[in-house]
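Reading through the structure tokens given below for one structure.
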Amino acid sequence: MGQEMESKTEGIKAKISGERNVSIKVTLTAITAALYIVLGYVFQPISFLGLQFRVAELIVGMCILFHLEGLVGNVIGVFFVNLTSPLGLIDLISCIVNIPALYCIVLFRNKKLLKYLGGILYAILISIYVAIVLNLVFMLPIWLMFIQVLIAETILASLGIVIFDVIRIRLGLDT
Numbered sequence: 043m044g045q046e047m048e049s050k051t052e053g054i055k056a057k058i059s060g061e062r063n064v065s066i067k068v069t070l071t072a073i074t075a076a077l078y079i080v081l082g083y084v085f086q087p088i089s090f091l092g093l094q095f096r097v098a099e100l101i102v103g104m105c106i107l108f109h110l111e112g113l114v115g116n117v118i119g120v121f122f123v124n125l126t127s128p129l130g131l132i133d134l135i136s137c138i139v140n141i142p143a144l145y146c147i148v149l150f151r152n153k154k155l156l157k158y159l160g161g162i163l164y165a166i167l168i169s170i171y172v173a174i175v176l177n178l179v180f181m182l183p184i185w186l187m188f189i190q191v192l193i194a195e196t197i198l199a200s201l202g203i204v205i206f207d208v209i210r211i212r213l214g215l216d217t
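Letter by letter, the sequence shown follows residues 43 to 217 in the numbering used here.
Put into structure tokens, the structure is as follows:
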């Protein structure tokens with residue numbers, strides 16, 4: 043029984059390390075995007091504007107497990123969720139902002155407690171963008187919007203990192 047579990051863990055490690063083929067990478071990207079989209083649509087009433095608490099942001103933690111697939115999947119997910127944004131097409135620009143923001147998580151993903159710094163940097167970049175857009179579209183106070191969005195983004199990004207870090211450790215993928 044123990045050897046069987048060890049064998050499965052080794053198989054997972056092999057697939058997740060450099061030995062993945064294209065179909066596995068595409069599948070992981072699609073799963074990441076699908077998770078973000080589903081959570082974004084289910085929690086849509088609380089996902090936009092100044093008091094947003096976008097539960098889909100938990101999925102940014104996927105970058106801890108699969109850095110490229112997590113990053114691309116999140117960007118795709120953000121695009122599709124923001125198609126329904128009350129802000130209109132301007133909110134689709136956030137896909138571009140998400141790339142460097144998500145890279146902050148990828149950059150620190152293997153660094154013990156510093157991985158949370160990546161999540162905080164992600165939250166700051168996204169919050170700056172959202173605050174600026176809300177100010178431009180609705181003339182809402184930029185600092186208030188920044189702080190409101192930052193609180194939610196920090197909570198969700200950090201929680202997402204914790205969740206996917208626990209998954210990584212449970213699968214024996216810790217480095």
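For every residue, glycine included, the Cβ atom is placed at its ideal position computed from N, Cα and C.
query: Cα separation between Asp21 and Val172?; result: The chain is shown only over 43 to 217; residue 21 falls outside these bounds and no answer can be derived.
query: Between Ala76, Cys105 and Thr74, which has its C-alpha nearest Tyr158's C-alpha?; result: Cys105
query: Does DSSP put Asn116 in a helix, in a strand, or in coil?; result: helix
query: Can you list, in chain order, the residues of its chain with a C-beta nearer than 7 Å to that of Asn124? Leave out the 5 residues immediately preceding and following it.; result: Asp133, Leu134 and Ser136
query: Write down every uninterrupted run of the alpha helix (DSSP H) in the stretch 65 to 128 whose length is 4 residues or greater and which is fully enclosed by it, in chain order.; result: 104 to 107 and 109 to 124
query: For Phe188, does the count of other Cβ atoms within 10 angstroms reach 16, so buried, or fall short, so exposed?; result: buried
query: When you compare only the Cα positions, how much space is there between Val80 and Val120?; result: 11 Å
query: If you follow the alpha helix (DSSP H) that Leu176 is part of, which residue opens it and which one closes it?; result: Leu156 to Phe180
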